[in-house]
Each structure stands twice: as C-alpha cells, then as structure tokens.
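Number of protein chains: 2
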Amino acid sequence: MCIIRYYGNVTGNIAGNNTGIYQMAIRKRSVTIIDVAEAAGVSVSTVSRVLNNKDDVSVETFQRVSQVIDELGYSSSLAARSMRSRKTNVIGLVMPDVDDPFSVEVIRGVNRAIVELKYDLLIYTNGDIPKNISASREQHYVTLLNSSITDGVIIVTPVSRRFTSVSPVVSVDPNIDNPKGPAVIATNLKGATDAMEHLLALGHKRIGYIGGRTDLLSAHLRLDAYKRVLDQTGIPVEQELIMSGDFKTETAMKCAYQLLSLDDPPTAIFASNDQSAIGVIAVAETFGIRIPEDLSLVGFDNIPEAAYLDLTTIDQNINEMGYVGTKMLFNLIQGKTLDQVLQKIETNLIIRGTTRPI
Amino acid sequence: MCIIRYYGNVTGNIAGNNTGIYQMAIRKRSVTIIDVAEAAGVSVSTVSRVLNNKDDVSVETFQRVSQVIDELGYSSSLAARSMRSRKTNVIGLVMPDVDDPFSVEVIRGVNRAIVELKYDLLIYTNGDIPKNISASREQHYVTLLNSSITDGVIIVTPVSRRFTSVSPVVSVDPNIDNPKGPAVIATNLKGATDAMEHLLALGHKRIGYIGGRTDLLSAHLRLDAYKRVLDQTGIPVEQELIMSGDFKTETAMKCAYQLLSLDDPPTAIFASNDQSAIGVIAVAETFGIRIPEDLSLVGFDNIPEAAYLDLTTIDQNINEMGYVGTKMLFNLIQGKTLDQVLQKIETNLIIRGTTRPI
DNA sequence: CTGTTAGCGCCTTCAC
DNA sequence: GTGAAGGCGCTAACAG
Chain V
642 MCIIRYYGNV
652 TGNIAGNNTG
662 IYQMAIRKRS
672 VTIIDVAEAA
682 GVSVSTVSRV
692 LNNKDDVSVE
702 TFQRVSQVID
712 ELGYSSSLAA
722 RSMRSRKTNV
732 IGLVMPDVDD
742 PFSVEVIRGV
752 NRAIVELKYD
762 LLIYTNGDIP
772 KNISASREQH
782 YVTLLNSSIT
792 DGVIIVTPVS
802 RRFTSVSPVV
812 SVDPNIDNPK
822 GPAVIATNLK
832 GATDAMEHLL
842 ALGHKRIGYI
852 GGRTDLLSAH
862 LRLDAYKRVL
872 DQTGIPVEQE
882 LIMSGDFKTE
892 TAMKCAYQLL
902 SLDDPPTAIF
912 ASNDQSAIGV
922 IAVAETFGIR
932 IPEDLSLVGF
942 DNIPEAAYLD
952 LTTIDQNINE
962 MGYVGTKMLF
972 NLIQGKTLDQ
982 VLQKIETNLI
992 IRGTTRPI
Chain D
642 MCIIRYYGNV
652 TGNIAGNNTG
662 IYQMAIRKRS
672 VTIIDVAEAA
682 GVSVSTVSRV
692 LNNKDDVSVE
702 TFQRVSQVID
712 ELGYSSSLAA
722 RSMRSRKTNV
732 IGLVMPDVDD
742 PFSVEVIRGV
752 NRAIVELKYD
762 LLIYTNGDIP
772 KNISASREQH
782 YVTLLNSSIT
792 DGVIIVTPVS
802 RRFTSVSPVV
812 SVDPNIDNPK
822 GPAVIATNLK
832 GATDAMEHLL
842 ALGHKRIGYI
852 GGRTDLLSAH
862 LRLDAYKRVL
872 DQTGIPVEQE
882 LIMSGDFKTE
892 TAMKCAYQLL
902 SLDDPPTAIF
912 ASNDQSAIGV
922 IAVAETFGIR
932 IPEDLSLVGF
942 DNIPEAAYLD
952 LTTIDQNINE
962 MGYVGTKMLF
972 NLIQGKTLDQ
982 VLQKIETNLI
992 IRGTTRPI
C-alpha cells in the first residue's frame, strides 16, 4: 500500500560520498517522482503525465503538481526516463578531440542547429580518442550514448564504415571512402584542386606541399589533388617538395624548415591545413622570407585564425558540416527518409593576402 | 524459468523508428546483459560481475563471458548502470554557451584534466543558456546530469549561490560574490588593476573604458578596478569615457565609435574583454587612428586571437580554471576534503604591441 | 480523468 | 563461484 523509502534526505550536499558507514540504509538521493507524487497527493503516473505535458490531466491537478515540482526543485532523471521511453530530446555528439579548431567549428555548427531544433546537446569525449582510435571504440561511444540517453548521435571523423545502433547515427567528415550510413562529406579533392590551380594561375611552378595525418582520408585526398593537378599541367612531381606532416603547427614548422632550406626552394607552399600554414608563416619569418613577396602560401580549412593571418585558404565550411549533419540526424529521428544519404558540403577558395603572382 | 524477450533484433539500423505498426511486440533494441548471459550460458549476475571486475568469478567463466561481450559488441547501458550504482566514471560540464572563446578555453582545460584522471567527459548545453539563464535552470542541468549519469559536475559562470545535488558540484568563475560551494574564481580586480596601472605607467591619463555584460560579476569588478585606480591616482572619473558594452565585438565597435568621436578622445582604451578590444581595433582603423601610435589598447582574457592581434591583455588563465576545477571535483568525488574551497587563479598582464608610452 | 501494474537494463543482496 | 529475486526512477498500457 504505502511506499516505503529507505533513503535519507540530503540537500545542498557538496562534499563527497559518505557511504561506508550507513551504506545500506542511508544513502543520498535526490527528489524523485515518488516524492512529488506523495507531496501532491497523486499517483506517480499522474506526475509523469504532467511532466510530459499529456493533455488528459485536469487543469487543477496539473497546476498543483507543477507547483510541487517547482517547490521541490524536482527534475526527472535522464537515466530513468530514457530507460523507459526512447525519446529523450537530446542528441549526442561524439568528438575525437575537443581541443582542436576543426572540432570546435563542428561543435559550433551543431550547436546552431540544436538551438533551432530545440534539442539538447550532449557532447561526449574521452579527451584523446585520436590517440587510440579504432572502430570498436567508436562503436562503444555510439552505443553508450544511443542505447541510453540520446535520440541519435553525430560522430565526427569516424573510421568505421557503419555502426550498429538502435538510434540513427550520422557521420561528419567520415574517415573512409564510402561510408555505409548517412554522412556529411567534404569535397577535399575539389578544394585542394582549387588551391593548386590558384597557385598555378599565379605562375607558380615549384610548389611545396605539407601533408596531414596519414591516418586521415582527407590528408590523402589533398595530396592526391596536389599530384594530379601538377601531372595534368605537365609539371613533374618532385618528392623533395612533398613533406609529411600531421596537421599540427609544430610538425609543419619542421617541414617548412626543410622546404625553405632546399637548394632550389619552392616559390609557393600548399599546406594541407591552416594550422600547418601557420607553421610555415612562423618559419618563413625566421628565414627572412616575406609572404607573399617571396613565398605564396595556401592553407586549408579556413579556421577563424586564418582571417587574422590574412591567409589564403580553402573554406571547408566546417561549421556548416556540423549544422547539416544535425539536420540530417533530426530527420532520421523523426523517421523521415533522407533525400541525400551522403551530403556534400562544397569548399570555397578564399583568396587573401598570402598569395600573389610570382 | 526461461526469460522471454519480446523484441526483435536489429543491426546496423540507420533509419528512424519504425514503431507504429508493431509497436508493442517488435521494438528495436540493442544487445543487453541478458543476451550476453544467454550466449555465455551464465546468469546475468555473473555477467555483471565480469563487467565490474569483481574477483569472485572463476578465470574460466571470466574469459568466456569477456569473449562473448566482445563478439556481441556489447556495452552496458549508461542509463541503466547509473541508475543502480552511483559510479559512472564520467564527469559533467554544464556550459552556458559552447560558441564562445571563453567557454572553449574552459573546455580545453577540463579536457586536459580528464585525460590525466582517465575520466570521461559529458558536456551539456542547450545552446543558448545565457539567453534565459536562471538559478532554477542551472539547478535543472545539474540535477539532470548528477542525478543520473555523472559522478559530479562542473558548472561555468553560474548565477546560483549553491546547488542541491547528490554528487559534488564545482563552479568555475561563478557569477556571484560569495559562492557557497567549491569554486574556481578569477582575480578580476587584480587583473583590471594591473591593466590600468600599466596604462598609467605609460603616461596615459585619458583612458576610455568599454564595459561587459551587466549581468556578469566579472564585468562589475573590472569596472570597479577602472574607477578605483583612477581615483587613487587623482584622475577624475569621467562618465563620457565609460561605455557599457556586453563583451561582444559588435557592441564594442559602437562604443569605440563613440569614444573616438569625442571632442577630446582618450589616448588609451581599456576594453573589458578581448572580443571588445577586437572591436576597438576595427573601428580605430576606419578612423585612421593607429594602434599603438595614436591609441593604446588593453584587453582582458587573453583568448588565442589576442596573440595574433599582438594585443596587450590580461591573461586570465581560463584554461587553468577548467583544469583546476576538474581536479577539485575529482577530489570531491573521491570523498576527499578540499584544502581550498575557493581556489583563486591569478591573472597576468601580457604586454604586447597595442600599448606604448604616450 | 486518475490509479494500478508491469517492466526498461542493470547491480546488489542473499541463498545455495 | 554462481543464480534468483528485488528494486533504482520512470513511462505506458490497462482498468476503473
């Protein structure tokens, strides 16, 4: 008849767990739906109805329960809620690394969509996924969120081709050729081609290249474009002009150092991302090489810093990728079919001050 | 005897819910502990023991179960898990807005600590908390995470003085004078004082000020410092030199416009944050006013962009604030007592190229 | 319109 | 060393 609750009440507790002594009998707990029900003198299901704005509750009851909820500062447990109903109104974002301009831009784009769609956002990261990434770990994160607390997840630069999941999964900038699931993909080939053609149009013939992380598809595609464009123009591809970086400024500095130390140094450098380009700028300065007078430079990504540095680059619309991905996910959650399972986001050449005719 | 499962199996499902027709009988579900138990020919409790590394399981059983877990790609439901046991190994971060340099820096700091502590991070945001912030909403987010899926949460720039929560809560840069709970606080007064003294030391006497969001404590403290330093130096505080901004570049541009349009314009401007300083730079340019030749400029925060702009500013060590806050939270979760409930993070004056003697 | 009942997936006693 | 039973907080079906 009467529901017995074994737990003590704790408010404003800010210290750690004091389990150990009263382990079993007294345990901290927060206000539950039962507390609300008792206080309002109704059943739990009625409270649940109020919580979920069902319309089969009398106005009077609704108000009374609402008031009690307010007074008790009650807020339903996400865990319990999502265990019963598949609908949580939050979407998940699995990030390889939150400490990276690319990721931050994706977050911004996702966030923009979230606000529009009136969803909540849960970003999941273990801080250094990239260092030990694998398909199974990715699957783990997806399962963690999707089988529990989110209505769907967006995963950024995944290596997996497909995911097993109860709820929809959208990949943003997947790290494989032909993802099986819905994905937002960048046009790396076109972007890199544009960059190269821009340099060639300016009359550059000796063009250095600083590569990106070899485990990333985008890096390969950009290098492919570099080679292909040279090939098509009849300019020989020279190994000494191709450096292998890792998308980081520091490594790019070493690459730039090598390139600029060549007997016949390049008159232009295509850095496979903006952070690498930043490394080139730094090194060029120490060499007394002026940009763009002595050296033209093109980056890739168009991260916010690029504008400050007046860097010519390829805008990858990273923000838009997050935005579009979220919209796709939303449609899937709604049970709609996608017009485009693979959504391409166009790149744009942004000509700024680091390139000029030879 | 035999456990009957009413659900169908679905793998690699990427489309939306197809409930509606078989609503009750067939529902998508992921691999559960029961599936693992059946496949391994043991009971669920045994699987649970393996999952939690209990030592009362025979090596043989342990291995067999582990293998099945791998094969099935099973991963326990965060929701269900955290409903039974208080330990989830993930900490929560409640952000006012992920689309903001300050927030991004805090995330980076938290992330750094997370990696060290081998915890997982769940960042929660509804995208536009600042627009409708209130103590009750904050409490809502804290409860949402803490009563469910995290072992503790960090909340950034909260307005609440205290939180009711089962697990520990640490405030970072709280938006109130004397927070009741553990908090990491910036030394806004000292920082702003340093900025002003730097300008005075350079010989500036007419110093303009661009304020921040009036709902933020930090903005008030910085303004206080501005006035106090002038007072102590015997320079009259002039209202026409004090503009009220909102920490945003656009608004700061209007303020800068007004300041520079004065009959007797200031020779220096102290912008209450770097984003405001960026606005000043933009407007000064349109006025043909050179920085630092004609106008000295100091910002506050030292966001990454500040370095590119060669902006003299106050480094608030935002990153460190997130890091320290996370460490504090960790200690609380471990049940330890804090040496310092209020942890101050010192500010530093970073002199760059936007200030010089008058 | 409201209460009762039955689990969601998991962990934790308590038996054996 | 292992299994059975109960319940965490909640929602959804079914009665009334």
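These protein sequence lines are chains V and D, in that order.
For the first sequence, my numbering assigns the number 642 to the initial residue and increments by one for each residue that follows.
For the second sequence, my numbering assigns the number 642 to the initial residue and increments by one for each residue that follows.
We treat Cβ as the ideally placed atom computed from N, Cα and C, and that holds for glycine.
Is the CB-CB distance between residue i and residue j below 7 Å?
i      : j      : result
V924/V : L938/V : no
L857/D : N816/D : yes
L719/D : I675/D : no
D951/V : N943/V : no
L983/D : A824/D : yes
I919/V : M884/V : no
L785/V : S902/D : no
L734/V : I764/V : yes
G963/D : G750/D : yes
S806/V : N787/V : yes
G849/D : L900/D : yes
A866/D : L830/D : yes
P933/V : R997/V : yes
L979/D : P809/D : no
V706/V : V685/V : no
T828/V : T988/V : yes
V688/D : V677/D : yes
D792/D : I732/D : yes
Count the other CB atoms, across all protein chains shown, that sit within 10 Å of the CB of residue i; report buried if there are 16 or more and exposed otherwise.
i       : result
A836/V  : buried
I999/D  : exposed
E779/D  : buried
K695/D  : exposed
K728/D  : exposed
R722/D  : buried
P820/V  : buried
T967/V  : buried
Q880/D  : exposed
V700/D  : exposed
I662/V  : Model confidence at I662/V stands at a pLDDT of 23, short of 50, so the residue's coordinates are unreliable; what they give is reported in the following sentence. So I662/V counts as exposed.
R1060/D : Beyond the ends of chain D as shown, which are 642 and 999, falls residue 1060/D; an answer cannot be given.
I992/V  : exposed
T954/D  : buried
Q916/V  : buried
G844/V  : exposed
Could you tell me which residues DSSP puts in a beta bridge with residue i?
i      : result
A824/V : S812/V and L983/V
V691/D : Its beta-bridge partners do not exist; DSSP assigns none.
T954/V : I991/V
M884/D : I851/D
V807/D : Paired residue(s): none; V807/D is not in a bridge.
A912/D : I851/D
Please state whether DSSP places residue i in a helix, a strand or coil.
i      : result
D738/D : coil
S777/V : helix
Y782/D : helix
Y949/D : helix
L758/V : helix
L763/V : strand
V939/V : strand
I790/D : coil
L901/V : helix
I932/V : coil
I999/V : coil
Y647/D : Summary for Y647/D: the model assigns pLDDT 32, below 50, so the residue's position carries little reliability; its value from the coordinates is reported in the next sentence. Three-state DSSP puts Y647/D in coil, outside helix and strand.
G963/V : helix
I748/D : helix
R668/D : Low confidence applies here, because R668/D scores a pLDDT of 29, under 50, leaving its location unreliable and the question unanswered by this model.
I796/V : strand
R802/V : coil
N819/V : coil
T673/D : coil
I974/V : helix
L843/D : coil
Legend entry - Secondary structure, beta strand (DSSP E): runs of 3+ residues fully inside the segment 700-739 of chain D: Scanning the segment 700-739 of chain D from its first residue to its last, the whole beta strand (DSSP E) runs of 3-plus residues come out as 731-735.
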